[in-house]
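Sequential numbering of the sequence shown, starting at 1, is according to the working numbering.
Don't be surprised by glycine CBs; every beta carbon is placed ideally from N, CA and C.
Note that the structure is predicted; figures quoted are calculated from it, not measured.
Encoded as structure tokens, the structure appears first; notes follow it.
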Amino acid sequence: METTNCNLCGSTSSEDVRLIPDYLLERTQVVAQLVRCRACGLIYQNPRPTLAEMDAHYPPEYEPYADHTASKEPNPLLKRAFAYGTRKRTRFVTRRKSGGRLLDIGCATGTFLLGMRGMKRWNVQGVEPSKQIAEYARTEHKLDVFPGTLEEASFPAGAFDCVTMWDVLEHVHDPLATLREINRILKDDGMLVLRVPNLASWDARLFGETWAGLDAPRHLYVFSPETLAALLAQARFETVDLSCDIGGYVTFVLSLRFWMTARNVSEATKQRITRMLYHPAARLASAPFFWIPSVVIKRGAYGCHRTQASI
Ligand SMILES: [Zn+2]
1 METTNCNLCG STSSEDVRLI PDYLLERTQV VAQLVRCRAC GLIYQNPRPT
51 LAEMDAHYPP EYEPYADHTA SKEPNPLLKR AFAYGTRKRT RFVTRRKSGG
101 RLLDIGCATG TFLLGMRGMK RWNVQGVEPS KQIAEYARTE HKLDVFPGTL
151 EEASFPAGAF DCVTMWDVLE HVHDPLATLR EINRILKDDG MLVLRVPNLA
201 SWDARLFGET WAGLDAPRHL YVFSPETLAA LLAQARFETV DLSCDIGGYV
251 TFVLSLRFWM TARNVSEATK QRITRMLYHP AARLASAPFF WIPSVVIKRG
301 AYGCHRTQAS I
């Protein structure tokens, strides 16, 4: 374990917020201490596992490493749910940028990259810190995926038209350094599309410590729209579009599972309820309540403001 300063303002002064157990891997003995920076309000884990210690928290069965593409997902309901999620993300990007070179950071098995490649207007690349999963994406899907961190990949300056990070920034040890590196490798008119769990969302308030957006101990940071905007400004990005306030469907179902785990609900019941919620009828009925919480950022000056909430 290691202790750290606030990544946003550098302050060492913080107050304890909450101890969060690992509900995802159902290891309630593993807890993460969340603290709030007294100077700027950023919520982060402190102390936290070192980069090397993090490996123990990402076992092969870690859900985002699962391949939900058509040929690999046996559950048709889950396949449809994930295909829908991927389509939403690819549309989100292509509505704002017509094509070019795209880098997906933390691409896992490459589901999103496959969606973008399928549009024929994008030259796609990925970065994935799990060497095993990066290798899988390379061999199984013939994707150009660098095994390691973004910094280790050392891409040339101004190389990309678009960089995407889906639910990744909250996992990295030094998000400010990561954002600065993204700024360096983007073209002058380049675009970063970023999705993080939103502390100001209604599901964060509803679920409290069992909100999947906390996912301890893998999430080292919990951003509010305000702290995220401030961090992006520090990395010299201009925020041009911020859409949030509401959680994604998969996050909602996961939060419900965490909630049931905290109350010792049996595995059979948890699976039954999860299956029911992934049924297309349930998904369709709830669609108006869920839309993608994303930020689109361009290089340049800064401008963004949202109300901050607390957990
Ligand atoms: Zn701070």
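In the DSSP assignment, find the unbroken beta strand (DSSP E) run with T164 in it and report its ends.
Sequence index remark: in the sequence shown, residue 164 carries index 164 (1-based). Here the beta strand (DSSP E) through T164 covers F160 to W166.
So for G208, helix, strand or coil by DSSP?
Here residue 208 is taken as the residue at index 208 of the sequence shown, counted from 1. For G208, the secondary structure class from DSSP, reduced to helix, strand or coil, is helix.
Just mark P280 as buried or exposed, buried being the case when its beta carbon has 16 or more other beta carbons within 10 Å.
Counting from one through the sequence shown, the residue named residue 280 turns up at place 280. Per the 10 Å Cβ criterion, exposed.
Tell me the residue span of the alpha helix (DSSP H) that contains A233.
For this step, residue 233 is matched to residue 233 along the sequence shown. Its alpha helix (DSSP H) spans residues P225 to Q234.
How is the beta strand (DSSP E) around K187 delimited, first residue to last?
Here residue 187 is taken as the residue at index 187 of the sequence shown, counted from 1. Counting along the chain, the beta strand (DSSP E) containing K187 begins and ends at L186 to R195.
Going by beta carbon distance, what residues of the same chain come within less than 6 angstroms of R48, once the five residues before and after it are set aside?
Here residue 48 refers to the residue found at position 48 of the sequence shown. Hits under 6 angstroms: L220.
CB-CB under 8 angstroms to G41, same chain, minus the five flanking residues each way: which ones, in chain order?
In the sequence shown, the residue the question calls residue 41 occupies position 41. The residues are S224, E226, T227 and Q308.
With C107 and A137 assumed to form a contact (beta carbons below 8 angstroms), what rounded beta-carbon distance in angstroms separates them?
Mapped onto the sequence shown, residue 107 falls at position 107. Mapped onto the sequence shown, residue 137 falls at position 137. Rounded to whole angstroms, the Cβ separation of C107 and A137 is 7 angstroms, and the two are in contact under 8 angstroms.
Regarding A229 and ligand 1, is the C-beta to nearest heavy atom distance less than 6 angstroms?
Indexing the sequence shown from 1 puts residue 229 at position 229. Distances taken from the Cβ of A229 to the heavy atoms of ligand 1 include none shorter than 6 angstroms.
DSSP on D22, reduced to helix/strand/coil?
The sequence position of residue 22 within the sequence shown is 22, counting from 1. The three-state secondary structure of D22, taken from DSSP, is strand.
Give every residue of the same chain whose Cβ lies closer than 7 angstroms to the Cβ of C304, excluding the five residues on either side of it in the sequence, and list them in chain order.
Taking the sequence shown and counting its residues from 1, the one referred to as residue 304 is at position 304. Its pLDDT being 30, under 50, C304 is placed unreliably in this model, and the coordinates cannot settle the point.
Do L8 and R18 have their beta-carbon atoms positioned less than 7 angstroms apart in this structure?
Locating residue 18 in the sequence shown gives position 18, where the first residue counts as 1. Locating residue 8 in the sequence shown gives position 8, where the first residue counts as 1. In this structure, L8 does not lie closer than 7 angstroms to R18 by Cβ.
C-alpha gap between H141 and L114, whole angstroms
Along the sequence shown, one-based indexing puts residue 141 at 141. Along the sequence shown, one-based indexing puts residue 114 at 114. Distance between the alpha carbons of H141 and L114: 8 angstroms.
Under three-state DSSP, which class holds T28?
Here residue 28 refers to the residue found at position 28 when the sequence shown is read from its first residue. Three-state DSSP puts T28 in a strand.
Go ahead and pull the three-state DSSP assignment for G148.
Working through the sequence shown from its first residue, we reach residue 148 at position 148. Here G148 carries a coil assignment [DSSP, helix/strand/coil].
Look up T3 in the DSSP assignment and say whether it is helix, strand or coil.
Position 3 of the sequence shown, counted from the first residue, corresponds to residue 3. T3 falls in the coil class under three-state DSSP.
Could you tell me the alpha carbon to alpha carbon distance between W211 and F112, rounded to whole angstroms?
Within the sequence shown, the letter at position 211 stands for residue 211. Within the sequence shown, the letter at position 112 stands for residue 112. Cα atoms of W211 and F112: separation of roughly 24 angstroms, rounded to the nearest angstrom.
Between R263 and G100, what straight-line distance do the alpha-carbon atoms span, to the nearest angstrom?
If you number the sequence shown from 1, residue 263 lands on position 263. If you number the sequence shown from 1, residue 100 lands on position 100. A straight-line Cα-Cα distance of about 48 angstroms links R263 and G100.
Enumerate in chain order the residues of its own chain whose CB-to-CB distance from V196 is below 6 angstroms, with the five nearest sequence positions on each side excluded.
Here residue 196 is taken as the residue at index 196 of the sequence shown, counted from 1. Answer for V196: L169, E170 and F223, listed in chain order.
Checking the sheet assignment: what are the DSSP bridge partners for R283?
In the sequence shown, residue 283 corresponds to position 283, counting from 1. R283 is not bridged by DSSP to any residue.
As a quick exercise: from L277, R184, G213 and H173, pick the residue whose alpha carbon is nearest that of M1.
Reading the sequence shown from its first residue, position 1 is the one you call residue 1. Comparing Cα positions, the closest option is H173.
Which of helix, strand or coil DSSP assigns to L143
Translated into the one-based positions of the sequence shown, residue 143 becomes position 143. DSSP places L143 in coil when its eight states are reduced to three.
Closest by C-alpha distance to T149, when choosing among A282, A177 and A157
Numbered from its first residue, the sequence shown carries residue 149 at position 149. Nearest option by C-alpha distance: A177.
Buried versus exposed, by CB contacts within 10 Å (16 or more), N75
As a working mapping, residue 75 is identified with position 75 in the sequence shown. Using a 10 angstroms sphere on the CB of N75, the tally of other CB atoms stays under 16, which defines it as exposed.
Member of D167, I133 and K187 whose CA lies at the smallest distance from the CA of F155
The count along the sequence shown starts at 1 and reaches residue 155 at position 155. Here the closest residue by C-alpha is K187.
Smallest Cα separation from Y23: which of F92, G213 and A83?
Residue mapping note: residue 23 aligns to position 23 of the sequence shown, counting from 1. Relative to Y23, the option among F92, G213 and A83 whose CA is nearest is G213.
Sequence-distant residues of its chain with Cβ nearer than 6 angstroms to R89 (five each side left out):
Position 89 of the sequence shown, counted from the first residue, corresponds to residue 89. Within the same chain, F112 come within 6 angstroms of R89 by CB-CB distance, once the 5 residues on both sides are set aside.
Over what stretch of residues does the beta strand (DSSP E) that includes V127 continue unbroken?
Within the sequence shown, the letter at position 127 stands for residue 127. For V127, the enclosing beta strand (DSSP E) covers residues W122 to E128.
Does DSSP put R218 in a helix, in a strand, or in coil?
Here residue 218 is taken as the residue at index 218 of the sequence shown, counted from 1. In the structure shown, R218 sits in coil (DSSP, three-state: anything other than H, G, I, E or B).
Would you tell me roughly how many angstroms separate the C-alpha atoms of W259 and I43, rounded to the nearest one?
Position 259 of the sequence shown holds residue 259. Position 43 of the sequence shown holds residue 43. Their backbone Cα atoms lie some 21 angstroms apart in a straight line.
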